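Each remark here refers to the structure printed beneath this line.
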Amino acid sequence: MNKYALIIEEFACWGCKACEVACKQEYNPIDATNGIKYLSVWEDGPKVMNGKLDFMWRVNVCKHCEEPPCAQACPVEAIMKREDGIVILDYERCNGCQLCIDECPYHAIGFDDEKKTVTKCNLCHHRVDKGLYPACADNICLAHCIYFGDPAEIEQKILEKRKARGGWGDILPNAIMVSRE
Amino acid sequence: MSEFRYSNIEREMEVYGYDSVVKSHCRMCHGGCGVIVYVKDGKIAKIAGDPDCPIAHGTLCTKGLASAQLAYHKDRLTYPVKRVGPKASGKWERISWDEALDTIAERILTYKEKYGPESVVFGYGTGRENEAVIYRIANVLGSPNVLTAGHFCYGPRISTSIITCGTNPIADYENFPKCIMMWGNNVTISNPDEYKGEPFSVALDKGAKLIVVDPRLTRPAARANVWLQLRPGTDAALALGMLNVIVNEELYDKEFVEKYTHGWEPFVKRVKEYPLNKVEEITWVPKEKIREAARLFATTKPAAIQWGVAIEQQINCADNDRLLMFLMGLTGNIDAPGGQVLNRTPNVVNVGQFGAHSMLPKDQFAKRLGGERFRLASRFAIIQPKCVWDAILEEKPYPVKMLFFISSNPVITRANAKEVFRALEKVEFLAVADFFLTPTAELADIVLPAATWLEMDYVSDFWKRHGYILPRRKVIQVGECRSDHEMLNDLAHRIGQGQYWWENFEKALDYILHPMGITWNDFKKMNYIRGEVKYYKYKEGGFSTPTKKFELYSTALEKMGYDPLPQYREPPESPVSTPELFKEYPYILITGARQPGFFHTENRQVPRLRELHRDPIVEIHPDAAAKEGIKEGDWVIIESRRGRVRQRAKLALGCNPRIVAAQHAWWFPENKDPGHGWDESNINILTDNALEGCDPAMGASNIRTLLCKIYPETKEGCHE
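Line by line, the protein sequences are chains E and S. Under the working numbering, the first residue of the first sequence is numbered 13, with each subsequent residue one higher. Under the working numbering, the first residue of the second sequence is numbered 26, with each subsequent residue one higher.
See the structure below:
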């Protein structure tokens with residue numbers, strides 16, 4: 013069972029992209045002219061859903077699956093799942109073969125053309141291990157829709173929020189819950 | 026899990042080895058958000074939100090997070106320069122602050138002597154909280170002309186609210202409205218003026234119902250209980266239609282109407298002129314939906330309106346603002362907890378006093394450009410940009426010889442950009458204070474390096490109506506950059522205003538705070554100060570208006586010779602008002618939807634923000650695109666009667682097929698030509714600034730709704 017998860021309730025996301033920039037701030041020097049980031053916010057729609065024009069923002073980021081197919085696909089064992097649930101890509105070990113990219117059902121693995129390695133969110137494990145929230149989850153989100161912590165507790169919090177909203181947002185978050193099914 | 030804490034300062038310091046930390050207050054937009062700035066080796070290493078901030082509660086937007094990239098940008102102007110070639114030649118030479126300010130001072134005094142102080146026009150755009158300082162130097166000089174965005178941004182809310190109910194009513198998210206009507210606004214992206222997306226978002230999470238009035242499908246519109254997709258520019262008709270429902274169905278607060286309003290009967294008569302059949306025809310919104318929204322808003326208590334600038338950049342500017350206030354008032358939500366509160370600011374020297382408006386002599390007030398035409402604006406020290414361009418180009422009613430723009434890029438942001446460019450080319454002397462050599466600065470004689478919010482001390486938000494002041498604390502010094510406040514304090518001494526200014530600007534901060542009996546040194550140790558919190562204040566003292574009532578029938582407007590009751594005027598260009606033109610330009614063009622990361626013309630050179638939006642985007646419905654031969658991602662030409670620009674097409678189902686929605690404020694800092702592509706994608710090449718199309722009371726330029734055609738760019742012109 014995972015101890016940690018990063019869960020984003022996309023229903024509540026406004027597309028402000030603060031999480032993207034917080035991620036860039038964590039992983040790039042200030043004078044970097046282009047920034048590596050491990051999550052991206054994108055528009056799903058507008059499209060007609062259930063006879064109504066709708067659109068949502070989606071946040072693409074590693075879901076730290078229970079049984080990560082990317083890890084299984086990696087020939088050099090550069091991707092490992094830790095006991096606490098965080099799926100870590102070892103950038104030193106990655107040989108850039110990109111086999112993991114196709115295996116990820118969430119399209120959450122990218123490729124760094126300069127360093128010739130794949131890229132993905134390591135859930136800011138360097139912060140988490142020191143008791144700090146991941147950069148994107150450290151209360152910057154104005155919708156308070158980025159959760160970090162115990163997946164069961166987060167699920168509970170989201171259910172309570174939905175109830176308070178009067179049932180709004182009965183859409184499964186892009187959660188780690190998906191991988192439990 | 027208890028070990029985790031948001032914005033854990035001690036642990037961040039320990040883990041990353043930061044040397045120091047400063048709590049401050051961001052000003053990448055209109056400000057508001059408390060921030061924590063971490064410093065290592067004398068440089069900013071990280072910026073985070075401050076959970077102790079009562080405004081944004083520790084959340085922070087893209088702009089705030091990327092502020093350090095702005096401050097340390099390699100292209101930033103870090104010393105004063107003077108132009109040594111023709112205008113827009115890009116030839117600059119470094120000079121000292123003394124030479125720069127002495128030259129500007131000499132020009133001011135010469136023009137004052139030869140043409141009168143009114144020939145010197147100061148200006149700011151969205152400001153850097155420098156507004157009161159700029160007004161002070163102009164008023165003491167005797168110039169009635171400070172050119173701001175006030176004619177069509179926030180100034181109308183201030184002016185119309187003062188004459189209607191005494192002050193700007195602010196949506197009270199702290200007490201969780203149960204219904205929120207978001208009108209021509211997306212607070213989650215724009216974080217405008219008093220508002221931040223965070224409290225709005227929390228109110229929705231508490232169960233507030235949501236009504237959204239917007240011609241485009243935004244995420245809030247998609248999430249709304251009722252979305253009113255109106256024809257652009259018809260807000261006043263829609264509001265009158267909703268008021269018609271509220272009056273006819275007696276959904277209004279009867280006690281409020283009886284005891285606290287002025288002009289109920291003539292108001293009802295006016296509202297009856299807008300039955301729902303007529304309103305549906307004008308607005309394109311089905312009458313059932315208008316009724317549904319009016320009922321939901323009027324019967325859910327408390328309810329608030331999230332409003333903003335879009336409704337002000339129209340011919341109906343002042344009436345739009347008033348009508349939304351009427352919706353707040355008649356439903357009993359004015360000064361109600363969870364409604365729309367008339368906040369009390371802390372007891373400090375207010376912006377009006379600091380701006381020294383009372384020092385402007387009466388005969389100089391009378392010379393305010395456009396003052397006879399735009400009388401409401403003039404009363405609030407606001408002027409219309411075209412009146413300035415005319416005074417430069419045609420010297421009517423008198424010549425303007427000098428412009429001093431401090432945080433303004435009017436070549437990109439004001440209507441009819443080509444005319445703005447011509448005026449700036451012609452004006453005898455132009456000084457600019459800014460972060461970069463913008464397209465406006467490239468036309469200047471002298472450009473001064475301005476400080477960002479990270480480089481100054483200030484009493485933040487003291488001009489706002491949310492009831493708080495917060496300390497902005499200086500973190501770094503970049504090159505020779507100076508805050509606009511210090512720069513103007515210095516300049517004031519050089520033009521003989523010394524007795525009205527201070528030895529240094531810290532003393533001015535002491536002056537602002539002195540009514541509370543504290544100094545800047547005391548204040549900077551505090552988190553914030555809040556004014557007295559009290560609701561329904563009008564029940565004791567009435568409203569601060571001439572009749573002491575909430576004025577549905579404006580006695581002030583009547584006195585100025587305007588219609589005292591709100592009305593709907595058709596946009597100057599529309600399928601209805603100009604059907605012939607519509608045949609040639611068959612789409613309604615709307616402009617100015619906000620993008621995360623940008624603040625009007627700002628931040629297009631900041632990598633972390635520009636990465637969010639590489640190109641200017643125009644949204645068009647897939648059916649319209651197919652008809653015009655436009656495909657997703659194509660560069661297209663958008664053309665109005667006044668000119669043409671190129672943007673990139675995005676096919677969007679959320680756009681009505683009769684409407685295209687273009688982005689505003691584009692220029693290209695990466696283009697090293699001194700024009701920096703100012704006329705390539707700048708939507709204000711297309712907008713009109715004819716005074717007849719402006720709001721008659723405020724002079725608001727109609728930049729949001731016009732007519733255009735749109736077609737694919739030819740191969741020859743394609744840059745790809």
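C-beta: ideal position from N, C-alpha, C; glycine also. Being a predicted model, the structure only gives us computed values, none of them experimental.
Rounded C-alpha distance that separates residue i from residue j
{"i": "glutamate 55 of chain E", "j": "asparagine 193 of chain S", "result": "35 Å"}
{"i": "methionine 26 of chain S", "j": "glutamine 168 of chain E", "result": "In this predicted model, methionine 26 of chain S has a pLDDT of only 43, less than 50, meaning its place in the structure is not dependable; the value taken from the coordinates is given anyway. Computed Cα separation, rounded: 15 Å."}
{"i": "asparagine 14 of chain E", "j": "lysine 532 of chain S", "result": "57 Å"}
{"i": "aspartate 746 of chain S", "j": "alanine 469 of chain S", "result": "Residue 746 of chain S is absent from the model: chain S starts at 26 and stops at 745."}
{"i": "lysine 734 of chain S", "j": "glycine 57 of chain S", "result": "39 Å"}
{"i": "isoleucine 417 of chain S", "j": "serine 433 of chain S", "result": "18 Å"}
{"i": "valine 270 of chain S", "j": "leucine 276 of chain S", "result": "8 Å"}
{"i": "lysine 411 of chain S", "j": "arginine 447 of chain S", "result": "12 Å"}
{"i": "alanine 176 of chain E", "j": "cysteine 31 of chain E", "result": "25 Å"}
{"i": "glutamate 3 of chain S", "j": "lysine 443 of chain S", "result": "The question about residue 3 of chain S has no answer, for chain S in this structure spans 26 to 745."}
{"i": "threonine 730 of chain S", "j": "asparagine 107 of chain E", "result": "54 Å"}
{"i": "leucine 184 of chain E", "j": "glutamate 565 of chain S", "result": "Annotation note: pLDDT 47 at leucine 184 of chain E (below 50); position unreliable, no value reported."}
{"i": "leucine 18 of chain E", "j": "tyrosine 159 of chain E", "result": "6 Å"}
{"i": "lysine 48 of chain S", "j": "isoleucine 655 of chain S", "result": "49 Å"}
{"i": "lysine 127 of chain E", "j": "proline 217 of chain S", "result": "40 Å"}
{"i": "histidine 98 of chain S", "j": "asparagine 628 of chain S", "result": "10 Å"}
{"i": "glutamate 595 of chain S", "j": "asparagine 345 of chain S", "result": "13 Å"}
Nearest residue (CA-CA) to residue i, options the options
{"i": "valine 272 of chain S", "options": "S:Pro257, S:Val293 and S:Ala262", "result": "S:Val293"}
{"i": "aspartate 197 of chain S", "options": "S:Val558, S:Val436 and S:Leu385", "result": "S:Val558"}
{"i": "phenylalanine 390 of chain S", "options": "S:Asn33, S:Glu39 and S:Leu166", "result": "S:Leu166"}
{"i": "glutamate 104 of chain E", "options": "E:Cys153, E:Ile113 and E:Thr131", "result": "E:Thr131"}
{"i": "alanine 757 of chain S", "options": "S:Ile34, S:Gly668, S:Asn33 and S:Val46", "result": "Because chain S in this structure spans residues 26 to 745, residue 757 of chain S falls outside the shown range and cannot be described."}
{"i": "isoleucine 437 of chain S", "options": "S:Gly333, S:Phe693 and S:Tyr160", "result": "S:Phe693"}
{"i": "leucine 255 of chain S", "options": "S:Trp208, S:Tyr299, S:Ile330 and S:Lys284", "result": "S:Trp208"}
{"i": "leucine 111 of chain E", "options": "E:Lys49, E:Glu165 and E:Thr129", "result": "E:Thr129"}
{"i": "leucine 401 of chain S", "options": "S:Leu126, S:Glu124, S:Leu577 and S:Tyr587", "result": "S:Tyr587"}
{"i": "threonine 572 of chain S", "options": "S:Ser45, S:Cys190 and S:Ile120", "result": "S:Cys190"}
{"i": "alanine 73 of chain S", "options": "S:His55, S:Cys54 and S:Ala93", "result": "S:Ala93"}
{"i": "tryptophan 414 of chain S", "options": "S:Met53, S:Ser403, S:Arg398 and S:Pro435", "result": "S:Pro435"}
{"i": "alanine 687 of chain S", "options": "S:Ala651, S:Tyr612 and S:Pro699", "result": "S:Tyr612"}
Chain-order list of residues whose beta-carbon lies under 6 Å from that of residue i (same chain, five-residue window excluded)
{"i": "valine 33 of chain E", "result": "none"}
{"i": "tyrosine 41 of chain S", "result": "none"}
Proximal residues to residue i (C-beta, below 8 Å), its chain only, five neighbours per side dropped
{"i": "methionine 427 of chain S", "result": "Arg132, Ile133, Tyr136, Ser144, Val145, Val146, Val452, Glu453, Phe454, Leu455 and Ala456"}
{"i": "glutamate 741 of chain S", "result": "Reliability fails at glutamate 741 of chain S, whose pLDDT of 47 lies under 50, so the model's placement of it is uncertain and the value that follows must be treated cautiously. Cβ within range, chain order: n/a, list empty."}
{"i": "tryptophan 117 of chain S", "result": "Val106, Lys107, Arg108, Val109, Leu462 and Val472"}
{"i": "isoleucine 205 of chain S", "result": "Ala196, Phe225, Ala228, Leu229, Ala233, Lys234, Leu235, Ile236, Ala328, Ala329, Ile330 and Gln331"}
{"i": "arginine 619 of chain S", "result": "Asn211, Ile214 and Ser215"}
Distance CB(residue i)-CB(residue j) smaller than 8 Å
{"i": "proline 632 of chain S", "j": "alanine 120 of chain E", "result": "no"}
{"i": "isoleucine 214 of chain S", "j": "cysteine 28 of chain E", "result": "yes"}
{"i": "leucine 355 of chain S", "j": "valine 251 of chain S", "result": "no"}
{"i": "isoleucine 645 of chain S", "j": "leucine 676 of chain S", "result": "yes"}
{"i": "aspartate 482 of chain S", "j": "valine 472 of chain S", "result": "no"}
{"i": "glutamine 338 of chain S", "j": "alanine 725 of chain S", "result": "yes"}
{"i": "aspartate 127 of chain S", "j": "arginine 635 of chain S", "result": "no"}
{"i": "isoleucine 494 of chain S", "j": "valine 373 of chain S", "result": "yes"}
{"i": "glycine 143 of chain E", "j": "arginine 36 of chain S", "result": "yes"}
{"i": "asparagine 151 of chain E", "j": "glycine 702 of chain S", "result": "no"}
{"i": "tyrosine 285 of chain S", "j": "lysine 697 of chain S", "result": "no"}
Residue i: CB within 7 Å of a non-hydrogen atom of the ligand HEM
{"i": "isoleucine 72 of chain S", "result": "The ligand content of the structure shown is nil, which means the ligand HEM is not present either."}
Same chain, Cβ closer than 7 Å to residue i, neighbours up to 5 away in sequence not counted
{"i": "phenylalanine 607 of chain S", "result": "Pro600 and Leu732"}
{"i": "glutamate 278 of chain S", "result": "A small correction: the amino acid at residue 278 of chain S is aspartate; glutamate does not occupy that position in the sequence shown. Hits under 7 Å: Leu355, Thr356 and Gly357."}
{"i": "glycine 89 of chain S", "result": "Cys51, Met53, Cys58, Val60 and Ile72"}
request  = Could you run through the region 29 to 50 of chain S and flag, in chain order, every residue whose CB is less than 7 Å away from some CB of chain E?
outcome  = Phe29, Tyr31, Ser32, Asn33, Arg36, Glu37 and Val40
inquiry  = Counting only Cβ-Cβ distances shorter than 8 Å, please list the residues of the region 57 to 85 of chain E near chain B, keeping chain order.
reply    = Although the question refers to chain B, the structure presented lacks it and instead comprises the protein chains E and S.
key: Members of the region 86 to 99 of chain S near chain E, C-beta cut-off 8 Å   = Cys86, Thr87, Leu90, Ala91, Ala93, Gln94, Tyr97 and Lys99
request  = With 7 Å as the limit, tell me which residues of the region 115 to 135 of chain E have their beta carbon closer than that to any beta carbon of chain S; keep them in chain order.
outcome  = none
request  = Identify each residue in the region 634 to 655 of chain S for which the Cβ-Cβ distance to at least one residue of chain E is less than 9 Å, and report them in chain order.
outcome  = Leu634, Glu636 and Leu637
ask   = If you measure beta-carbon to beta-carbon, which residues of the region 166 to 179 of chain E are closer than 7 Å to chain S?
value = Lys173, Ala176, Arg177 and Gly178
request  = Give the residues from the region 147 to 168 of chain E that approach chain S closer than 8 Å (Cβ to any Cβ), ordered along the chain.
outcome  = Asp150, Asn151, Ile152, Cys153, Leu154, Ala155, His156, Phe160, Gly161, Asp162 and Glu165
ask   = Taking Cβ-Cβ distances below 9 Å as the criterion, which residues of the region 100 to 132 of chain S are in contact with chain E?
value = none
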